Structure formats: structure tokens, C-alpha cells
Amino acid sequence: MPLVVEKIESGTVIDHIPAGMGLKVLEILKIDRNYGARVALMMNVPSKKIGKKDIVKVEGKTLDDKAVNKIALIAPNATLNIIKNSEVVEKKIVQLPKELRGVSKCPNPQCITNFEPIETLFKIENHAEMKFRCFFCEMAFEAKELLL
Amino acid sequence: MEFVKDLISIRDLEKKHIDLILKKSSQMEQALKTGKELNSLKGKVVATLFFEPSTRTRLSFQSAAMRLGAKVLSFEDVGASSIVKGETFSDTIRMVDGYSDLIVVRHSKEGSARYAAQLAEHPVINGGDGGNQHPTQTLLDLYTIKRAKRKIEGLNVTLLGDLKHARTMRSLLYGLAMYGASIELVAPKGLEMNREVIKEVKEKFNANVTEKSTIQLSNTDVLYLCRIQKERFSDQYEAEKVQKEFRITGETIKGAKEDMIILHPLPKVDEVAPEVDRSKHAYYYEQARMGIPVRMAIMDAMVV
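Chains as they are written, first to last, in the numbering used here: chain A, 184 to 331; chain B, 903 to 1206.
Written as C-alpha cells, this is what we have:
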């Protein structure tokens, strides 16, 4: 039986999240029990594109670039639907950014960015392998390591 | 500008930049030999900020700057500076930037030199940032190899020792790969070169890099050693065993090519037997001397 979830009036729907990553997306959006508006998380929804997927619907939230970049690290093919007056007004496909500014701490404990007040910067090293290199300490990391 | 504004990492350099330094280094060496007075840094102030102990790098930078006519500012003892009062690294750099025309910095944290270059208006040279990079050592290593062998391309170079922690080895592998040398990596188990770095040079330069766990020098043109530190091992018996196994002795170099040279960034402790120091293969003292002309070439290229 298909799952019916009420439409949201204005906010964002994030679709095509790899199955199991929906909770992480909520964490990135800093949505917890104190978030007042409606939130729907659907997990393991059948998908023609990726087999199984998660979907997140959040009312009253628009995503800034930092949040979109963070989502790209765990869901590089997710789609964002911006909803206004119950209509999809914009559709965006999340893309792995060329650089990540201030998105994540550097996982290298010896990196200067962990000791001085510096905005971190990672530059894409290998798109296919989703690897980024820290501009400061020059260590390369997989995208998922940057969100730990 | 023919060279880069800041010298932070070997990754920032293209072959044309390194070629420029190799050429200039040779001119500087010649000038030193003939006693020609050089003054391309006359009226300039070079600051050497060593937050970590160093003898060779600091002294050779200071000597190189003075030989080009510069005055040198320095703190040798972190304990005697404002750092002990809790001054941040960034404040120290900003302040020194106002006092000098070029800053040489060594710091234990990786990426510190890159950060210093972001803060300072004047050029910054990385004198070693933790386990990351030591680009002037790599330039001097490449110059020493080119000087001894007349070329780098096609040479068989063996890098031996703790390849995991030695920043020298990481940068050198990159530089050698850029010039098309064949590189053999020999390291004790657990102290191998970071896979990521090997993959990177293979992809970027189509480099010929092989890994081995035993020493075989019959085909080697250049043997580059670095220290295996006992403190890296939790088991001291294992540490001593490995140190013995990787020690270069008269026996190890038997059967090596007549003109094989041995390099070492120094300081060395007991990884080389005294009979090797006396052999025609030992080239590390010569290598250490090259620190002056190469660092003169670098500063000349950056400030002038």
C-alpha cells in the first residue's frame, strides 16, 4: 500500500537520499524535538533510481549553501524541492561542491585549523571517489569522514 | 613573478619553478666558491621563526640570508618569546610581518605555514610544518641529486626508513615523481608510505613506484635514508630488531653500483655504520652543505 504523507505548505523536500541517511540529513539541518514545525522522514522508500531511498520533508525551512554542501557529502545525488504555497517552485539537484568552506572540522588532529580560529577549507581532489583535500594540512579525506 | 609568492608545499610548484631554483642554486654555489659578493637582499630583513627546535634548517636559512646581504631577525627559544604568555600563532605572524620582508616559519602543527601565508603580506617560506611538508629540503635534495648525477629523470632512487612519519620522504617522492625517476620504497612493516601519497604521484605523474620490505641495492643510483625512531614502536625489542635490519653497513652496500650515492637529511644517529661514512658512497655531508646555495636561490627568487 502506498504511503501517503500530507503536503507541506512551504519548506523543503529532500528526495533521493540514500537509504539510511535521512536521519543524518535531519541532524545536518539541526532538526530535533524542539523544532516546532511539521517534519516527515520516510525511510526505505522504493526508488527506481537508487533501489531504496529516504525522503525528508521540512516545513518552514529553506537551506543555505552550507547545509546544501553538507548534504552533498552524504547524498550527492539528492534533489531539493523548494515548496511555496503547496507548489514546487524550484527543483535543485545537489552537487558535490568544488570546495567546502567552514562546513566541517579537519579530521587530522594535528591540523592547524584545530588550534587556531580558522575557517576550514577543503578542495575537491577526486570527484568519482568523493575525496577532498584540506587546504591547510594537505591531508585527503573521503566525504563521509568530514561529517564524523 | 617567475617563482611562487609563498613557498609552502612542493604541491604548489611546477617543474618550471623547480628548474629555476636548480639553475639559480648552481649560480649561487659558483658565487660562493669564487667569493663573489652578493647583495640581492641588501636592505631587507628576513625573520626566522622556529617554534620547534632546528639546527640545520634555521642556521642555513640565516647564513643564506646574510650571504645575500639581508639582516636576520629570529627567536631561537620559544620560552623567551611572547608565546609563553599565551600569544596566538596568528598574532605572532602578524606582528613579525610588520617587522620583516620575508618570513621563514617552522611549527609543529600541519598547515601552519599555509595559515601564516594567509595572514602575512610578505612572502612566507615553510621551514617544516609537523609531518606535512618541508619544501626547501626537497629542493635541496633534488639539487644534490641533479648535481651528483647530472640528471634526475630515469634514475633508480631507493627511499628507505620510516616512510610513514618522515615529511622529507613525502615531499621528495612527489618531487622525484615529477622528474620521472623510478622510485623504490623500502620501509619496515607499519611504517610504509601513506597509500594516498603513492596513488597521487602515480596518477599525477604516471610515476614508476614500487614497494619492498627488504633492501636490495644492486640497481640503485641514489639511496635516500631517514631515521627509524624507536619511540614509534610500542615493543622495544621489535624496535631494535627493525633498526638493526634497516641499518646501512659495509655489508649492505656490497654489490651496489660503483657510483651509487647515499643521502640523508641528517641528523643521523646509528642508522649508518661508520665504515659507510668513510665510503665513496656517503654524500650526506655534501648534501647538507647544499642547504646554503639552495636556500639563497629560493630567497633570491622570492624577494627580488
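Every residue, glycine too, gets a C-beta built ideally from N, C-alpha and C.
All values derive from a computational prediction rather than experimental measurement.
Length of the line joining the Cα atoms of residue i and residue j
i: valine 1099 of chain B; j: leucine 1074 of chain B; result: 11 Å
i: arginine 1197 of chain B; j: isoleucine 200 of chain A; result: 53 Å
i: histidine 1067 of chain B; j: arginine 1134 of chain B; result: 9 Å
i: glycine 1032 of chain B; j: cysteine 294 of chain A; result: 9 Å
i: serine 962 of chain B; j: glycine 1193 of chain B; result: 6 Å
i: methionine 1095 of chain B; j: glycine 945 of chain B; result: 43 Å
i: glutamate 904 of chain B; j: arginine 1072 of chain B; result: 25 Å
i: glutamate 282 of chain A; j: isoleucine 307 of chain A; result: 6 Å
i: leucine 1042 of chain B; j: proline 1167 of chain B; result: 10 Å
i: serine 193 of chain A; j: isoleucine 301 of chain A; result: 36 Å
i: isoleucine 223 of chain A; j: threonine 994 of chain B; result: At residue 223 of chain A the sequence reads alanine, which differs from the isoleucine that was named. Between alanine 223 of chain A and threonine 994 of chain B, the C-alpha separation is close to 51 Å.
i: threonine 1070 of chain B; j: lysine 190 of chain A; result: 59 Å
i: serine 230 of chain A; j: valine 272 of chain A; result: 23 Å
i: asparagine 252 of chain A; j: serine 269 of chain A; result: 25 Å
i: glutamate 939 of chain B; j: alanine 972 of chain B; result: 12 Å
i: glycine 1082 of chain B; j: glutamate 325 of chain A; result: 29 Å
i: glutamine 1034 of chain B; j: phenylalanine 953 of chain B; result: It is worth fixing the name first, because residue 1034 of chain B is asparagine in this sequence and not glutamine. The alpha-carbon atoms of asparagine 1034 of chain B and phenylalanine 953 of chain B are separated by roughly 15 Å.
i: phenylalanine 319 of chain A; j: lysine 1114 of chain B; result: 31 Å
i: alanine 202 of chain A; j: alanine 255 of chain A; result: 14 Å
i: valine 1205 of chain B; j: lysine 1156 of chain B; result: 46 Å
i: leucine 1119 of chain B; j: alanine 250 of chain A; result: 54 Å
i: glycine 219 of chain A; j: methionine 225 of chain A; result: 19 Å
i: alanine 1184 of chain B; j: threonine 1151 of chain B; result: 11 Å
i: alanine 1109 of chain B; j: lysine 1101 of chain B; result: 9 Å
i: alanine 1050 of chain B; j: methionine 204 of chain A; result: 57 Å
i: phenylalanine 305 of chain A; j: leucine 951 of chain B; result: 27 Å
i: lysine 244 of chain A; j: valine 188 of chain A; result: 18 Å
i: arginine 1149 of chain B; j: leucine 975 of chain B; result: 39 Å
i: glutamate 1086 of chain B; j: leucine 1057 of chain B; result: 11 Å
i: valine 1103 of chain B; j: glycine 1077 of chain B; result: 9 Å
Buried versus exposed, by CB contacts within 10 Å (16 or more), residue i
i: methionine 997 of chain B; result: exposed
i: tyrosine 1186 of chain B; result: buried
i: tyrosine 1139 of chain B; result: exposed
i: asparagine 941 of chain B; result: exposed
i: alanine 966 of chain B; result: buried
i: glutamine 278 of chain A; result: exposed
i: isoleucine 276 of chain A; result: exposed
i: tyrosine 1045 of chain B; result: buried
i: lysine 236 of chain A; result: buried
i: asparagine 1121 of chain B; result: exposed
i: glutamine 1189 of chain B; result: buried
i: valine 239 of chain A; result: buried
i: glycine 285 of chain A; result: exposed
i: glutamate 1023 of chain B; result: exposed
i: glutamine 964 of chain B; result: buried
i: lysine 327 of chain A; result: exposed
i: glutamate 1177 of chain B; result: exposed
i: lysine 926 of chain B; result: buried
i: arginine 1008 of chain B; result: buried
i: glutamine 310 of chain A; result: Looking at the sequence provided, one finds histidine at residue 310 of chain A rather than glutamine. Per the 10 Å Cβ criterion, exposed.
i: threonine 303 of chain A; result: buried
i: arginine 913 of chain B; result: exposed
i: aspartate 1172 of chain B; result: exposed
i: proline 292 of chain A; result: exposed
i: glycine 1013 of chain B; result: buried
Uninterrupted beta strand (DSSP E) stretches inside the segment 1150 to 1198 of chain B (no shorter than 3 residues): 1163 to 1165
Short-range partners of chain A found in the segment 1000 to 1022 of chain B, where Cβ spacing is below 7 Å: Lys1011, Glu1012, Gly1013, Ser1014, Arg1016, Tyr1017
Chain A contacts from the segment 1025 to 1046 of chain B (Cβ-Cβ distance under 9 Å): Asp1031, Gly1032, Gly1033, Asn1034, Gln1035
Uninterrupted alpha helix (DSSP H) stretches inside the segment 1087 to 1122 of chain B (no shorter than 4 residues): 1097 to 1107
Cβ contact (3+ pairs, closer than 8 Å) linking the segment 198 to 215 of chain A and the segment 251 to 265 of chain A: yes
Residues of the segment 908 to 922 of chain B with Cβ closer than 8 Å to any Cβ of chain A, in chain order: Ser911, Arg913
Runs of alpha helix (DSSP H) wholly within the segment 1013 to 1079 of chain B (minimum 4 residues, chain order): 1014 to 1021, 1037 to 1051
Cβ contact (3+ pairs, closer than 8 Å) linking the segment 1047 to 1066 of chain B and the segment 1125 to 1134 of chain B: yes
Residue ranges of each alpha helix (DSSP H) within the segment 220 to 280 of chain A, 4 or longer: 248 to 257
Three-pair Cβ contact test at 8 Å for the segment 1000 to 1019 of chain B versus the segment 1154 to 1173 of chain B: no
Stretch pair the segment 1034 to 1041 of chain B + the segment 905 to 922 of chain B: three plus CB contacts closer than 8 Å: yes
Short-range partners of chain B found in the segment 245 to 276 of chain A, where Cβ spacing is below 7 Å: none
Proximal residues, the segment 1096 to 1107 of chain B versus chain A, C-beta separation under 7 Å: Glu1098
Segments of 3+ residues assigned as beta strand (DSSP E) that fall wholly inside the segment 926 to 1008 of chain B: 947 to 952, 973 to 977
Contact residues within the segment 210 to 228 of chain A, judged by C-beta distance below 8 Å to chain B: none
Residues, ordered as in the chain, of the segment 195 to 211 of chain A that lie near chain B by beta-carbon distance below 8 Å: none
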